[in-house]
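Trainee:
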Amino acid sequence: MSSVIVAIDGSAASGKGTLAKRLAAHFNYAYLDSGSLYRAIGVAVLRQGGDPSNESQAVAAARTLDISQFTPEDLRTEAAGVAASQVAAIPAVRAAILQFQRDFAHKPPQGKKGVVIDGRDIGTVVCPDAQAKIFVSASLEVRVQRRIKELRAKGEVVIEARVRADLEARDARDSSRSVAPMKPAEDAWQLDTSTLNADEVFDLAKKFVAGKIA
Ligand code: C5P
230 MSSVIVAIDG SAASGKGTLA KRLAAHFNYA YLDSGSLYRA IGVAVLRQGG DPSNESQAVA
290 AARTLDISQF TPEDLRTEAA GVAASQVAAI PAVRAAILQF QRDFAHKPPQ GKKGVVIDGR
350 DIGTVVCPDA QAKIFVSASL EVRVQRRIKE LRAKGEVVIE ARVRADLEAR DARDSSRSVA
410 PMKPAEDAWQ LDTSTLNADE VFDLAKKFVA GKIA
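Counting from 230, one number per residue, gives the positions in the sequence shown under the numbering used here.
Here it is as structure tokens:
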């Protein structure tokens, strides 16, 4: 029996990660944060003193990626997010981790019956066959404030203008790259979370997914 695939795409700090985790827990599906793969590749290049936009360095890091070398704290910094979007614009980096993502989707770990994967190109490129696709967005101002709250909660010193500039640069790079740009799949449900809290977003999405997999 083939697994149920739920694809959650959207912009940085749109709330898609929180939503994807809650959906996975609710439906008892496996969860894959595809952004963490790009983040790990970006951080691996930085650890070697390299440049994440250098193709040969980024591709070498992608091909030898060992995700166990990174803690969630290593991956969730703003610097890791920026490095991730630089390596993610390189087609050979994307190609190197494509099959891993598809295998995870089609053969979820621990015999789970489905998966929730979040990213930028899950509904369009990685799993165009996903049963439920959601594209999550929120206005830039809302995303800046959410990201600041998240960073302050971790005790980071935050410069608002810097957070805004990083998010804008990341969005621009993610939507304009030639390979797998961030965009909603034609059959994705577009969910603007600007005026919704996390519980409201979860309730709406839960009903949408339940309707798709019934
Ligand atoms: O989602 P997150 O902010 O962790 O992703 C970090 C970066 O990784 C994104 O800005 C994007 O450039 C890249 N990414 C991607 N495709 C995905 C997931 C993430 O290009 N499926």
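Here a beta-carbon is modelled for each residue, glycine too, at the ideal position from N, C-alpha and C.
Ignoring anything shorter than 3 residues or poking outside the segment 249–281, list the beta strand (DSSP E) runs there in chain order.
Mentor: If we require 3 residues or more, the beta strand (DSSP E) runs fully inside the segment 249–281 come out as 259–262.
Trainee: Name the residue from Gln277, Ile319, Ser263 and Ala291 whose alpha carbon lies nearest to the alpha carbon of Arg402.
Mentor: Checking every option, the nearest Cα to that of Arg402 belongs to Ile319.
Trainee: Mind the definition here: the segment 308–318 touches the segment 268–285 only if three or more C-beta pairs lie below 8 angstroms; say whether that holds.
Mentor: Counting Cβ pairs under 8 angstroms, three or more are found: they touch.
Trainee: Kindly examine the ligand C5P and report whether one of its heavy atoms sits closer than 6 angstroms to the Cβ of Gln263.
Mentor: For the record, residue 263 in the displayed sequence is Ser; it is not Gln. Correct: Ser263 has its Cβ closer than 6 angstroms to the ligand C5P.
Trainee: Can you look up Gln328 in the DSSP assignment and give me helix, strand or coil?
Mentor: Gln328 falls in the helix class under three-state DSSP.
Trainee: Taking only three categories from DSSP, how would you classify Gly340?
Mentor: Helix, per DSSP.
Trainee: Using the beta-carbon count (16 or more within 10 Å), is Gly343 buried or exposed?
Mentor: Buried.
Trainee: Given a cut-off of 7 angstroms, decide if Ala253 and Val345 are closer than it, judged by their beta-carbon atoms.
Mentor: Taking 7 angstroms as the Cβ cut-off, Val345 and Ala253 qualify as a contacting pair.
Trainee: Take Asp326 as the anchor and find which of Glu307, Thr306 and Ile351 has the nearest alpha-carbon.
Mentor: It should be noted that the sequence gives Ile, not Asp, for residue 326. Out of Glu307, Thr306 and Ile351, Ile351 has the C-alpha closest to the C-alpha of Ile326.
Trainee: If you count every other CB in all the chains shown that lies within 10 Å of the CB of Ile234, and 16 or more means buried, which is it?
Mentor: Burial call: buried.
Trainee: Nearest CA to the CA of Tyr267: which residue from Thr422, Ile296, Ile388 and Val373?
Mentor: Nearest option by C-alpha distance: Ile296.
Trainee: Using C-beta distances below 8 angstroms, list every residue in its chain close to Leu433, excluding the 5 sequence neighbours before and after it, in chain order.
Mentor: Correct list, in chain order: Leu420 and Leu425.
Trainee: How close, in whole Å, do the beta carbons of Ala242 and Arg372 come, if the pair is a contact with beta carbons under 8 angstroms?
Mentor: Yes, Ala242 and Arg372 are in contact; Cβ-Cβ is about 4 angstroms, under 8 angstroms.
Trainee: Could you check whether Phe364 and Gly239 sit closer than 7 angstroms to each other, using their CB atoms as the reference points?
Mentor: Cβ atoms of Gly239 and Phe364: closer than 7 angstroms.
Trainee: What do you get for Phe416, buried or exposed, if any count of 16 or more other CB atoms within 10 angstroms of its CB means buried?
Mentor: The identity of residue 416 in the sequence shown is Asp, whereas the question assumes Phe. Exposed.
Trainee: Candidates Ala390, Arg305 and Ala361: which alpha carbon is nearest Gly440's?
Mentor: Of the candidates Ala390, Arg305 and Ala361, the one whose C-alpha sits nearest the C-alpha of Gly440 is Ala361.
Trainee: Measure the alpha-carbon distance for Leu304 versus Phe437 and round it to whole angstroms.
Mentor: C-alpha separation (whole angstroms): 30 angstroms.
Trainee: Determine the DSSP secondary structure at Gly348, reduced to helix, strand or coil.
Mentor: Gly348: strand per DSSP, three-state reduction.
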